[in-house]
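Going by this note's numbering, the letters in the sequence shown line up with residues 179 to 802, in that order.
Step one of this worksheet: look at the structure below.
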Amino acid sequence: MAEQGRGSGRHFGLRLAALGAAAALACAGGSGAPQGDDPGAASGARAAAPGEPGQTKTPASQGPFPTPQELEDLTDAPAPDFSDTRAVDVESWTLEGPFPDPIGELPIRDPDPFEAVLIEASTARAGLLVASESMRCAARELGRFFVSQGGLPGEALQRYVLGRCGATGTGLNVGFFHNATPPDASPERVLEVWGSHVRRMVNEQLGPGPRAAGIWYGRRGVESLVLLVSAPRRGRLVPVSAVPGKDGRLRLSGEALRPVESVNGLVNRGRLGWDECQAVEGVQLPRFELVCATQKSDEIAWISVSAREPGRLLGHSLHRVLARPSGGDARTWRRASYGPPAPVVGPEDFRVRLRDAANGLRAELGMEPLVLEARESVTAGRLAPFYFASGLGMVTPAYADLVALGLMAGWEVKGTIRDANLGAALSLSSHDLDRWLAEALALPGMRSVLFDPEHTRLAVGPVVGADPDAPYLGAILASYALFGEEDPTSLRQDFYTVLDRAYDARGLSFPRRERALEVAAQREMTRIQMGAVTPAEALEIVGHEASLRLQAPVGAWLMEGTDLEHMRPPDALFAENTAFIAAAVGHYQPEGWPWGRTLVILLSAPESTLRTARAERDVPAKLH
């Protein structure tokens, strides 16, 4: 009897984008229009303030984040189980090749009879389906593994096959059909008999939307096998060599297939390191161009490119690229190891072992340890099965967004959240923590979760298979950076540094700092943090005080956002007559909002006639 099957990817990750806002208040004759929001790409998973673009402000004011009650309602359903999701586990595997030269999805040449069926389907789905050289390579390598091992490999090796073959998709669907055939049956004869089955598999298992695909025919003993692979295409990547230039930089350019508000990239560096790719200025979305700095001694380096669509906080994967910085062949995959075998016996054991293992690796990087957030971890543990089930297509995809935003909110985290990263990984066929770490740390996204030096709190939501004959180990993680006891003087200087760049870009000189007003602004910032006044009340107080002190019209603004880098100063600040400036920087937590917000009180004023007269009076006579 013929058997058909299907497999899918097991690695998950979501990101948010940062937004900053400025609000203006006119004082003593000063003027300033409210400033718009300034969206920008973020290095970590972040969230925007209530009322910013693309969000629906709920009555509870929690913005786009689900309430704790909504998260509780989700977990009322029975938790999914992943015991039937199995893979053939190997420690290493050597690919046979040949491999396409560039990274990218180039159409296949000289198709065989089975590939002709795929091309026929691509003609019927013109513009959506590409039968590519890279996916032809992936189908061949996975088919050879299936013939040799009797099944499909795990996610790590599947991902490696895709990357080494030059494919850039971030998920993989695998369909197969096999049955006994006469030993002397030619591929053409097998296709003649199986034609209807193969065409149905192609039509039913490719999935909707733009995709890249490949198909392979082979034999295993008395059986013949047809294996179909496909991956979603969310963007077009310009074909490029996997070997970076002499400076170690790999330039990736392309275009998202749907409208996006931002595109960013992360790249692995060394055993544990990661870095952000730099966006080339002047490239208009949905086109993008990123420069990713690899470490030249690395045999391989994964690069993850993600994008955020308009009106959404969560980003999605656009491309995944396997670079070869050292220029080697890199045809052999080996499972990474970050420590001795560490069998996990349950969810709580997983949490503690993972925290300790992560902190050991952070110590190697010179970072302070992560603190496990116990109550948030309980919430994460309840939500984790639904997140993975959503990624595997077992429940509605909306669950993944709900879970991700719920954990990003960090309702149970102790302290005021400044920033958060989120990632998840599922390791099949094992209960070993080291194997889970090998899967999780393969890509830069999870490295950014565990090895961001500013993130010091961790929530862990494990899923641990109870059946010893069908083990699996997964976890969704959220790491948090908290607002702490930052030095207000240092924060103010950081803001002035950002502001100075804005003045330089306009060819203007930075105004003089008004020290007395800085003291007054900082006093009101402290009162905001104590809950004595609202930000708007504080701005009115200090603006009025400034106008009386200077005897001049004063511009007063509130700026807030996730960080200083993503705030856009008000345009009125750069008026030619601005002579004095004062600022205070701190944070506050809006009512009903799960995160804190970086807050700036900003004052500006023109030269005052009275002040000028006083300054001239106080200048000592010039000595001759």
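Beta carbons: idealized from backbone N, C-alpha and C, even for Gly.
In the three-state scheme derived from DSSP, where H, G and I count as helix and E and B as strand, Leu-450 is classed as coil. Between the alpha carbons of Val-638 and Val-400 lies a distance of about 47 Å.
Residue state for Met-708 is assigned as helix, using DSSP reduced to three classes. Annotation: Gly-721 is outside any beta strand (DSSP E); the continuous alpha helix (DSSP H) that includes it extends over 713–728. Positions of the beta strand (DSSP E) runs, each at least 3 residues long and wholly inside the region 343–380, are given as 351–358 in order along the chain. For Arg-625, the closest C-alpha among the options Asp-678, Leu-539 and Ala-317 is that of Leu-539. Taking all protein chains shown into account, Thr-675 has fewer than 16 neighbouring C-beta atoms within 10 Å of its C-beta and is therefore exposed. Separation of the CB atoms of Leu-496 and Ser-484 is rounded to 6 Å, and the pair is thereby assigned contact status at 8 Å.
The alpha helix (DSSP H) runs of length 4 or more contained entirely in the region 603–677 are, from start to end of the chain, 611–618 and 622–628.
With a 10 Å radius around the Cβ and a threshold of 16 neighbouring Cβ atoms, Val-778 comes out buried. Uninterrupted alpha helix (DSSP H) stretches at least 4 residues long and entirely within the region 292–342 occur at 311–327 and 333–342, given in chain order.
In this chain, the alpha helix (DSSP H) harbouring Glu-248 covers 246–252.
In the DSSP assignment, Thr-740 falls outside any beta strand (DSSP E) and carries neither an H nor an E.
Excluding sequence positions up to five before and after Ala-558, its CB lies within less than 7 Å of the CB of Leu-585, Ala-637, Val-638, Gly-639, Ile-654 and Ala-656, all in the same chain and listed in chain order. Inter-segment contact for the region 272–290 and the region 252–259 is absent: fewer than three beta-carbon pairs are separated by less than 8 Å. A buried status is given to Leu-273, since no fewer than 16 other beta-carbon atoms sit within 10 Å of its beta-carbon. Linking Glu-311 to Thr-301 through their CA atoms gives a straight-line distance of about 16 Å.
In the assembly as shown, Ser-270 is an exposed residue. Its beta-carbon has fewer than 16 other beta-carbons within 10 Å. Fewer than three beta-carbon pairs drawn from the region 342–354 and the region 607–626 are found closer than 8 Å, and the two stretches are therefore not classed as touching.
In this structure, the alpha-carbon of Glu-590 lies about 21 Å from that of Met-708. Secondary structure of Phe-528 (DSSP, three-state): helix. When Cβ pairs closer than 8 Å are counted between the two stretches, the region 530–550 is seen to touch the region 507–520, the count reaching three or more. Considering only Arg-596, Leu-781 and Leu-611, the residue with the shortest C-alpha distance to Gln-767 is Arg-596.
A distance below 8 Å separates the beta carbons of Ala-409 and Ala-390.
Around the beta carbon of Pro-747, 16 or more other beta carbons lie within 10 angstroms, which makes this residue buried. Beta-bridge partners assigned by DSSP to Asp-597: Ala-659. When Cβ pairs closer than 8 Å are counted between the two stretches, the region 369–379 is seen not to touch the region 315–328, the count staying below three. As the crow flies, the alpha-carbon of Pro-280 is around 11 Å from that of Thr-346. Excluding residues up to 5 positions away in sequence, Ala-680, Tyr-681, Arg-684 and Leu-686 lie with their Cβ nearer than 8 Å to the Cβ of Phe-752 in the same chain. Fewer than three Cβ pairs drawn from the region 361–369 and the region 321–338 lie within less than 8 Å of each other, which leaves the two stretches out of contact. With a cutoff of 8 Å on beta-carbon distance, Glu-738 and Arg-775 are scored as near each other. Counted as a single uninterrupted DSSP element, the beta strand (DSSP E) harbouring Val-499 occupies residues 494–501. In the DSSP secondary-structure assignment, Arg-486 is bridged to Ser-440.
Three or more Cβ pairs drawn from the region 243–255 and the region 563–581 lie within less than 8 Å of each other, which places the two stretches in contact. Residue environment analysis places Gln-729 among the exposed positions, since fewer than 16 neighbouring C-beta atoms fall within 10 angstroms of its C-beta.
Looking at the backbone, the Cα of Leu-532 and that of Trp-511 are separated by about 25 Å.
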